[in-house]
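Novice:
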Amino acid sequence: MRLPKIHLFDLFYRAYHAWPRFYEGLTELLSVGQWEKWQDRVFEDLSGKKILEIGVGPGKLLLRIAKKGYVVTGIELRRGMADEARRRVKKGGFDVDILHQSVYHLPFKD
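Each residue of the sequence shown is one higher than the last, beginning at 486 in the numbering used here.
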């Protein structure tokens, strides 16, 4: 009997789509604890006040962006992730547009 090969990417992909809350722990583990430091570096380079986050996942970064005072809109293809992001942002006390759709058909002029 031959066992199928399972790659790390496949495991990550399955976890991402199956368990939105599990995703955060997995990204923290795979980033060797550097995830929030990477996010902080992104804030250093931001200019302007409007941000579009593509692929919001469970909304952890989206909420951090809102807390920093930016007007943020999120896009997420996976309904479970979009729902989790909405719950998180609402619980954090923010009103953020989170669109459940593909990035190939954005509803923006520019």
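Cβ coordinates follow ideal geometry from the N, Cα and C atoms, glycine included.
1) How should G542 be labelled, buried or exposed, when 16 other C-beta atoms within 10 angstroms of its C-beta is the threshold for buried?
2) Kindly indicate which three-state DSSP category H492 falls into: helix, strand or coil?
3) Check for me: the beta strand (DSSP E) holding L548 runs from which residue to which?
4) Between G578, R563 and L493, which lies nearest to L584 when the distance is taken from Cα to Cα?
5) Is DSSP giving D580 helix, strand or coil here?
6) What residue range is occupied by the uninterrupted alpha helix (DSSP H) comprising K522?
7) Just checking my contact of E549 with Q524 at CB under 8 angstroms: how many whole Å lie between their CB atoms?
8) Any idea what DSSP makes of L591, helix, strand or coil?
9) Three-state secondary structure (DSSP) at K575?
10) Compare the Cα-Cα distances from E538 to each of A567, K575 and G578 and report the closest residue.
Specialist: On the basis of the supplied data:
1) Per the 10 Å Cβ criterion, buried.
2) coil
3) Not the beta strand (DSSP E): L548 falls in the alpha helix (DSSP H), residues K545 to K552.
4) R563
5) coil
6) That run of the alpha helix (DSSP H) goes W520 to D530.
7) Reading off the sequence shown, one finds Arg at residue 549, where the question assumed Glu. So it is a contact: roughly 6 angstroms between Cβ atoms.
8) Coil at L591, not helix or strand.
9) helix
10) A567
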